[in-house]
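Going down the list, the protein sequences come from chains S and X.
Using the numbering used here, the letters of the first sequence correspond one by one to residues 35 to 430.
Using the numbering used here, the letters of the second sequence correspond one by one to residues 35 to 430.
Read the structure below first, then the notes.
Protein chains: 2
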Amino acid sequence: MANLRQASLRHANLALVARTVLAADSPPSRADVAAATSLTRSTVSRLVDELVAGGILEEVESVVGGPGRPGRPATPLRASTGRFAALGLQVGVGHLAVRLVDLTGAVLAERLLTADLAGSRPGSTLRRLRTMAGRVLESAPLGCHVVGAGLALPGIVDVEAGRLLSAPNLGWEDVVPGVALEAVLGGLPLRLGNEADLAAHAYAHPAPGHDSQPQDFVYLSGEVGIGGAVVVDGEVMTGRHGWAGEIGHVCVDPDGPPCRCGSTGCLEQYAGRLAMLDAAGLDASTTPSELAARARDGDEKAQLATRSAARALGVALAGVVNVLDIPTVVLGGHLAQVCDLLTPEVEEILGRRVLSGRWVSPRVVIASDDPAPGATGAALLALDELVRDPAGVLGH
Amino acid sequence: MANLRQASLRHANLALVARTVLAADSPPSRADVAAATSLTRSTVSRLVDELVAGGILEEVESVVGGPGRPGRPATPLRASTGRFAALGLQVGVGHLAVRLVDLTGAVLAERLLTADLAGSRPGSTLRRLRTMAGRVLESAPLGCHVVGAGLALPGIVDVEAGRLLSAPNLGWEDVVPGVALEAVLGGLPLRLGNEADLAAHAYAHPAPGHDSQPQDFVYLSGEVGIGGAVVVDGEVMTGRHGWAGEIGHVCVDPDGPPCRCGSTGCLEQYAGRLAMLDAAGLDASTTPSELAARARDGDEKAQLATRSAARALGVALAGVVNVLDIPTVVLGGHLAQVCDLLTPEVEEILGRRVLSGRWVSPRVVIASDDPAPGATGAALLALDELVRDPAGVLGH
DNA sequence: GGGATTAGTTTTGTCACGCAACTTACGTCG
DNA sequence: CGACGTAAGTTGCGTGACAAAACTAATCCC
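Here it is as structure tokens:
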């Protein structure tokens with residue numbers, strides 16, 4: 035409900051120009067940006083100059099063989115490398131991760147640590163994360179402004195309060211990670227987020243301002259249980275309180291096995307990592323790839339486990355697609371590793387159970403195999419604020 | 035991705051001022067609007083003058099005893115009555131409806147017709163609707179501009195193409211209602227919409243620019259089957275193709291009874307009107323209120339039917355709430371008539387099955403008993419375009 | 001080397017808003 | 001009953017952001 039004044043106009047067009055440059059596949063010239071935005075060249079020039087002066091964009095020395103076109107050669111523009119960056123942190127059930135990502139989406143520095151954190155003490159775990167974050171920040175290039183920090187957590191988060199309400203797979207309840215980390219952040223605001231939400235953001239936007247296809251999808255993140263997120267038009271749906279996306283607890287069968295959430299027949303009880311391994315008669319430490327290999331080799335129990343998981347995924351996702359009309363499903367985490375075993379049956383069930391399946395067939399695709407997409411997503415989300423309002427870091 | 039120019043600024047602020055006046059509970063003065071929008075009085079004055087000249091707003095003759103406050107008395111503003119209106123049409127399974135709604139949300143004229151249209155021929159039904167629309171338009175007040183028309187349909191709609199793809203309960207397939215109605219519309223664009231989507235819009239916005247509480251909810255519309263809509267921040271989620279909200283076909287039990295959609299165990303098979311009457315051993319023509327009365331009087335089969343419906347609703351809605359974090363459910367249509375029988379058990383199941391139920395208890399509320407909320411919603415949606423860009427009807 | 005072509009800059013004009021002074025229209029109080 | 005206070009609404013001026021168009025710059029092509 036905020037009003038608009040002349041300054042808003044400038045803010046909005048600065049953001050538009052910045053986004054246009056970041057979204058381009060190859061560095062565009064001022065003239066290209068003018069054509070893409072339907073602003074005039076003079077206006078674009080002025081805005082670009084401001085963004086370059088502010089260190090958000092930079093001009094590329096087009097050394098290599100130009101296009102050989104008549105006319106004055108263009109000055110290609112791109113996001114500044116290493117000038118602005120954001121810190122992405124993640125506490126997973128099996129790992130800690132810290133990443134420093136810049137405006138081009140490049141990882142300037144990172145640290146990964148594999149560890150079983152189920153049942154760990156929040157205090158000591160967050161201290162380990164703090165140490166890792168300190169190292170990463172030390173190795174940031176000179177003159178690099180860290181503009182934000184985000185922390186991905188596998189649980190239900192109160193974003194406003196910066197509080198982790200509950201992370202059953204970690205065994206954490208009611209934790210405020212900001213206090214343990216604030217020494218290393220130096221006053222930088224820390225934004226918490228659900229791991230699946232942030233991973234989904236990273237999938238939709240592999241770099242700040244850069245949109246990938248598709249921009250509407252349902253994201254499933256398999257770790258111990260199943261996290262999820264719904265992305266509409268490139269934006270992660272957070273819901274009324276920021277707790278949307280709990281697809282792992284959609285009911286597949288009301289008479290199904292009890293879930294630790296207190297309900298029965300949740301998707302997680304069929305397609306969660308532990309549930310699948312259990313159904314296949316394998317130890318909890320077995321990797322999903324091992325399970326997939328056994329299923330392919332003809333192990334009957336492994337095949338049963340994957341088939342049961344596929345059926346549950348099909349039923350749960352059909353409901354989601356019926357309600358949201360988002361016919362693309364992205365599988366990440368352990369689900370990505372067994373994706374090719376699941377996909378045919380899941381797609382078959384979706385085609386049958388989705389009302390609009392007659393006109394558009396739902397598709398299942400696989401996410402990247404990044405072990406910590408949540409950390410990347412947390413950093414990218416912080417950088418997005420910069421792209422959305424570049425005037426904030428310029429001369430105000 | 036459109037750029038901003040000075041004109042955009044004016045357009046945006048015109049819309050802001052218009053919305054502010056429409057959203058106010060009592061007619062605000064120019065000074066009130068200035069305070070609410072944080073625009074200056076001079077700017078508001080200019081914009082209001084334009085809107086008054088354009089016939090969108092009007093000054094109220096404050097005849098009755100003013101507040102007796104010192105200072106120059108205010109000139110209260112409100113939406114013009116009867117100057118701009120939109121036509122809302124609806125084809126339901128049991129009725130036809132036509133409404134003319136103005137900017138204040140008042141119904142200027144309407145016509146309702148009860149008829150069993152299941153299996154009707156689209157051509158003759160639409161001709162009847164056309165006649166009704168003609169009568170309604172004839173009775174519009176002098177100087178009333180009809181700025182848009184919308185048609186609510188109980189099925190899957192291709193909004194862009196103006197085509198009804200499938201309405202199983204009517205038995206209609208692949209119909210383009212625009213051609214049958216264009217004679218009466220006189221070039222006015224007709225916008226199709228799903229009945230539940232439009233009813234949900236009317237619930238969220240009882241008048242143009244006026245927001246009711248809540249602005250985030252799941253809407254269930256019970257007719258023969260069950261239609262649904264998801265409203266986030268006052269906006270009906272349409273999904274990738276406009277087919278979102280098919281909650282009636284969320285799977286409650288994969289081993290449940292077959293549904294006409296080709297799937298099994300859909301919510302509609304438990305809580306649809308026909309399904310409930312069938313389970314209660316009643317004739318298809320029985321009213322839901324009659325069913326409710328029997329259940330209250332101790333009829334065991336009727337109680338069984340309502341309990342089964344409540345359980346199915348609980349399971350299906352729990353899934354939706356888990357995915358979307360929208361803890362308010364609005365029941366309309368036949369579900370509204372049996373709402374008080376269903377609510378306790380549905381809320382109990384939601385509290386148990388919704389992951390975030392520990393922090394926020396989901397609530398079930400009842401919609402208005404308007405027989406054709408879709409028609410109202412269709413008209414309101416058309417008027418919303420006017421409110422969103424008032425400059426469109428002024429001096430361009 | 002001159003012309004064509006394209007990139008980027010400079011200049012001038014327009015328009016919407018903020019600011020502040022002003023006018024209007026009412027109550028209040030001596 | 002008339003001066004004063006107060007709040008609503010108007011008027012005139014200044015500012016800033018963008019459009020339009022003329023201009024400069026740098027390259028290719030002949």
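Built from N, CA and C at the ideal position, the CB exists for glycine as well.
Since the structure is predicted, the reported quantities are computational estimates derived from the model, not experimental observations.
Of the residues the options, the one placed nearest residue i, counting alpha carbons only
i	options	result
A119(X)	D423(X), A425(X), L415(X) and L428(X)	L415(X)
A352(X)	V388(S), G411(S) and G282(S)	G282(S)
A346(S)	G426(S), G243(S), Y304(S) and A70(S)	Y304(S)
C300(S)	L358(X), V380(X), V388(X) and V67(X)	V388(X)
V94(X)	R112(X), N47(X), L121(X) and L85(X)	R112(X)
L215(S)	T74(S), W206(S), E207(S) and R225(S)	R225(S)
G385(X)	A343(X), R397(X), P202(X) and P242(X)	R397(X)
R169(S)	S158(S), G182(S) and V218(S)	V218(S)
S200(S)	A167(S), G189(S) and V193(S)	G189(S)
A149(S)	H129(S), G139(S), L137(S) and A143(S)	H129(S)
A370(X)	L338(X), D331(X) and R307(X)	R307(X)
L204(S)	G196(S), V193(S) and A186(S)	A186(S)
W206(X)	H368(X), D245(X) and P156(X)	P156(X)
L81(X)	L43(X), D136(X), E269(X) and T320(X)	L43(X)
A327(X)	T298(X), N356(X) and C373(X)	C373(X)
A68(S)	L50(S), E84(S) and L85(S)	L50(S)
C295(X)	L121(X), V270(X) and I260(X)	I260(X)
A212(X)	A238(X), A183(X) and A230(X)	Looking at the sequence shown, residue 212(X) is not Ala but Gly. That would be A183(X), whose Cα lies nearest to the Cα of G212(X).
E257(X)	R274(X), D287(X), V210(X) and S319(X)	S319(X)
G221(X)	V180(X), S72(X) and R106(X)	V180(X)
P107(X)	V132(X), D66(X), A46(X) and S342(X)	D66(X)
Residue environment, residue i, which counts as buried when at least 16 other CB atoms sit within 10 Å
i	result
A336(S)	buried
G279(X)	buried
A314(S)	buried
L176(S)	exposed
D250(X)	buried
E334(S)	exposed
S63(X)	buried
S395(X)	exposed
S390(S)	buried
R53(X)	buried
E172(S)	exposed
D359(S)	buried
P407(X)	buried
S323(X)	exposed
D287(X)	buried
Residue i: first and last residue of the uninterrupted alpha helix (DSSP H) it sits in
i	result
V355(S)	E334 to L358
Q124(S)	Careful: Q124(S) lies outside any alpha helix (DSSP H), inside the beta strand (DSSP E) at F118 to V125.
L232(X)	E229 to A238
A412(X)	P407 to R422
I281(X)	Per DSSP, I281(X) belongs to no alpha helix (DSSP H) and is neither H nor E.
C-beta neighbour in chain S for residue i, strict 8 Å
i	result
E419(X)	no
I281(X)	yes
S395(X)	no
G296(X)	yes
R386(X)	yes
D59(X)	no
G426(X)	no
G353(X)	yes
Min CB distance residue i to chain X below 8 Å
i	result
P291(S)	no
H275(S)	yes
P188(S)	no
V349(S)	yes
G367(S)	no
A113(S)	no
According to DSSP, residues forming a beta bridge with residue i
i	result
W206(S)	A201(S)
V427(S)	Bridge partners of V427(S): none, in fact.
V363(X)	V252(X) and V398(X)
V191(S)	L198(S)
Segment limits, beta strand (DSSP E) that includes residue i
i	result
I400(X)	R397 to I400
L134(S)	H129 to D136
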